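One structure below.
What follows is the structure in structure tokens.
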């Protein structure tokens, strides 16, 4: 079927049901960042393969709402599909809702697969459209026309033993149950796969990059029901779960379980991380308590085992990165290196490391002007050859059985402009100021963000992304609740949280610079003014100093930089060859 | 009547009305910071004279809820009054509401003078207590027993001519009416006296420190009604107002005007800045739109005339401060100087200045350990004599016909401890970093607060108050909406806003240090990354450098300090005698 034929087939079903608009969000029933192939609904329907967007189909219009990152790609991929590109004014805003309200006549019906809609979006859609006399209904018009729709993944999952993860499932369930008591909730539904992975010490490979398993949980004071394809677990693993008080049920049985909750009971559901369809199957008398998943904060605070293991992962990752940057520096201008071949080389060095599972996200391997696109992803069409000049930005990460990494380095490949050296030094100043900060307990991410930006602001420069995000433990590389950015998100930074610090400067058409470490929050000192925290740098990879303008650094910044590079050498050298050590010794020399 | 007799008289009325609890907030119908004597209800009833508190009276309990600033004072002043001190856990929190909910039986009635309750508090009280079957009713039990209750002030008000304030009343009304259109509101009630003063270019002396006039306004697209004691204005002034489309009505007539708003009309009311009583007199069909007063933001952004005049006020204030600090430095250890006598001396220097109206708040004149109390107010009992050692903190401000000032300096009186010098240098570093900051348009106060605190945090030190507050134009010294503090208040700093920058360090029993300037927000540069703002230092008074530890300052901080002190000399010297100039020259010498 062509895209136009699919559109016709969808409109035929809409007509038969007297539905005026059909929505296709980019989501799965777990509100995941990365989707199983089964849920690649937007590529199937329109050909668009970007990671964010919403399709809206009426009888006389079909459009894709997406943000500026994808304008070029969407225009190309939608060509001839029957879909038009609708440019979002603000990223992540559901601007299609307003469009529906203005376009559809009173009394219209909007249909969507409500399993692909978050409760938050469903509530917003219902409230906004009901004011205009428009109603929402559940329909899946894709399944009937999607002949070779990929099935849900059947890969095996696996459990991580308590001694490798620091906390038993039964102990985690105890914490969740304490939260249920606090919220006066009888039940708790968990759909988000990172919360599932944390809660049940379970991992898998159902989607790209995030080592998660399609599953749901229903928890009360007496039981914890895990809904998962039972073939994904061995009998021994089911036995282990049972010992922790967890019973296994088929994945699809969640819907029925929710539909049969006791009358007048109450359930805690995170409206951002659960689908609207499952809210609607609940009996009408069940009281819904909409709060953030209690596991969100529990998961963000890493225990001693997770931290110790992450430090091990960082050594492995640092060894791979050292070999990679040595290879680049020794071969640039001698052999052909492209953005894609460099990324492949980096992956091969990581793959040599014991415990490596895969990349934690798509590597950003960006030469020169490509570096100015913060979300650049090299393709065979865009793939640039690296030359012995300008800057090369590499933002990459690995999933290891004992931790998740995320690191950006920007290196000089030869001659550099004055502006490149200046910008590099400014980004480094910001990154150092964030990294060496001492701050009182209770400090929020927006305060750390401001302090990191200050040296960059001083030169009339700024960057459009946040300074940092939370990172999971052998789990999602983007994890809440903490974030370092300018919005007024009032989440305090807690001990044991792992967060990135990654300021940048981007000059379109010229170059992009970003330097990123992951840091752990540690207790620093307690004075008459209270307890103060600081950051422990977890990432171990030399920060290139060749184009640093030393006179622009404060003494304390030089000190931090030299100390950091010395620590990198000290921690990595036992795992490197003499030749590698010679290279790293020079790379980490004090300035 | 003794306090106990008053309590008995109140309880008698409660019993007659079958009222179980009576509340007395510290407020007036304008939700003012400083109250007319007529509304000194808490001192009348209990003897407590602190500026913040709530009395709660039941048949078997009478208590004052107040915060830690007043624990000592309250314990003393309430002695023998029949009232007990209830210590607030969190400043400004209405913790008495929870107490009422837990203490009163189902079906109880709580009474209060609803003119002294903000809409926000009234709504909160009603919602929280209705869950427990408790209702709220309006009663004034003080008036019947308050024989010599002071009448409302009758002092004359006065209008400021347009050329002295930069914007006509009719032009301001036009902006308000545009906001009414935006909010789809037919009417707008203004009760807050700073908004009234700004809107009608009117000033007076009805309360201490804030040059405001008791009045209300009711505005729609056709008229602007000013409710004020008509004797406060001359016929010529009424004529001027009329030319700007403003009709004058008696102060008390506001209640009737609100009660007779057209059926099904709508009214914009700021729930923080209007009283609950006037919400309740509205006809039931009137739709209430609860939003911040549009004048709040308009008022915060000063026009060119206001800024030019404020700069003039700063020169006058700077001359007075120079004379004051010269006098201190030349007389310390020679004549008896106390905290109170110093404050009086400073006031006398200000009073010599043309256009001086009065202090803009109670001067904090705090020697040595008294400086560690951020809200210290010297009394005849506490009044310390200044010695030629340690530090003297003076936080003071003036109201001039052409601007409001607020400045803190901390000076060395002789020998100083190492800790005093260190702390002074750290506070100065923070104050300089805030003052010399360049930041992108859209930056909020919490970002500026964090950057100001960084040098102080670095030493494991912090301060418990905000870094800065908005300041009015010949108006309230505390003015919103902008604020520099750690809370996540998402108000962007706009061009023309006047804000204080005043970090501090307080060591109980030892010393307190605070250094404060007022700054204006100015455009600094526009680059490919957008527009950047910076601060113009408005305050003109030498920053003492005698105990600065220069090695702890960065070069850019030294530069700012020397530039600032040189500017102070340059701008003040034309108005000083040769002898004064000689002193100031030394005081402002570059380090």
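Protein chains in written order, with the numbering used here: chain L, 299 to 889; chain R, 299 to 889. All C-beta atoms, glycine included, are put in the ideal place defined by N, C-alpha and C. What you are looking at is a predicted structure, and each value in this text was computed from that prediction instead of being measured.
Under the three-state DSSP convention, the category residue i falls into
i, result
"residue 729 of chain L", "helix"
"residue 874 of chain L", "coil"
"residue 890 of chain L", "There is no way to answer for residue 890 of chain L, as the model of chain L reaches only from 299 to 889."
"residue 523 of chain L", "strand"
"residue 370 of chain L", "helix"
"residue 552 of chain L", "helix"
"residue 833 of chain L", "strand"
"residue 882 of chain R", "helix"
"residue 467 of chain R", "helix"
"residue 813 of chain R", "coil"
"residue 705 of chain R", "strand"
"residue 853 of chain L", "helix"
"residue 665 of chain L", "strand"
Chain R contact for residue i (CB, 8 Å cutoff)
i, result
"residue 748 of chain L", "yes"
"residue 752 of chain L", "yes"
"residue 736 of chain L", "yes"
"residue 801 of chain L", "no"
"residue 912 of chain L", "Any property of residue 912 of chain L remains undetermined from this structure, which presents chain L solely from 299 to 889."
"residue 732 of chain L", "no"
"residue 759 of chain L", "yes"
"residue 755 of chain L", "yes"
"residue 590 of chain L", "no"
"residue 782 of chain L", "no"
"residue 316 of chain L", "no"
"residue 828 of chain L", "yes"
"residue 672 of chain L", "no"
"residue 426 of chain L", "no"
"residue 788 of chain L", "yes"
Span separating the alpha-carbon of residue i from that of residue j
i, j, result
"residue 381 of chain L", "residue 596 of chain R", "45 Å"
"residue 446 of chain R", "residue 600 of chain R", "42 Å"
"residue 535 of chain R", "residue 457 of chain R", "7 Å"
"residue 392 of chain R", "residue 569 of chain R", "16 Å"
"residue 630 of chain L", "residue 746 of chain L", "37 Å"
"residue 726 of chain L", "residue 828 of chain R", "21 Å"
"residue 765 of chain L", "residue 359 of chain L", "39 Å"
"residue 490 of chain R", "residue 567 of chain R", "11 Å"
"residue 575 of chain R", "residue 501 of chain R", "25 Å"
"residue 563 of chain R", "residue 581 of chain R", "9 Å"
"residue 618 of chain R", "residue 834 of chain L", "50 Å"
"residue 859 of chain R", "residue 782 of chain R", "21 Å"
Proximity test, Cβ basis, 8 Å: residue i and chain L
i, result
"residue 852 of chain R", "yes"
"residue 742 of chain R", "yes"
"residue 514 of chain R", "no"
"residue 779 of chain R", "no"
"residue 442 of chain R", "no"
"residue 860 of chain R", "no"
"residue 369 of chain R", "no"
Chain C within 8 Å of residue i, Cβ atoms only
i, result
"residue 745 of chain L", "No chain C appears in the structure shown, which is made up of the protein chains L and R."
Any non-hydrogen atom of the ligand FAD closer than 7 Å to residue i Cβ
i, result
"residue 371 of chain R", "Of the ligands one can find in the structure shown there are none, so the ligand FAD has no counterpart to examine."
At least 3 beta-carbon pairs within less than 8 Å: the stretch 640-657 of chain L vs the stretch 349-356 of chain L: no
Entirely enclosed alpha helix (DSSP H) segments - the stretch 569-648 of chain R, minimum 4 residues: 574-578, 592-598, 602-629
Inter-stretch contact (C-beta, 8 Å, three-pair minimum) for the stretch 495-514 of chain R and the stretch 328-341 of chain R: yes
Given 8 Å, three or more beta-carbon pairs between the stretch 699-719 of chain L and the stretch 607-627 of chain L: yes
Touching by the beta-carbon criterion (3+ pairs, under 8 Å), the stretch 683-700 of chain R and the stretch 809-816 of chain R: yes
Inside the stretch 395-469 of chain L only - beta strand (DSSP E) runs reaching at least 3 residues: 407-410, 433-436
Three or more C-beta pairs below 8 Å linking the stretch 724-739 of chain R and the stretch 787-805 of chain R: yes
Every unbroken alpha helix (DSSP H) inside the stretch 743-801 of chain L [4 residues or more]: 743-755
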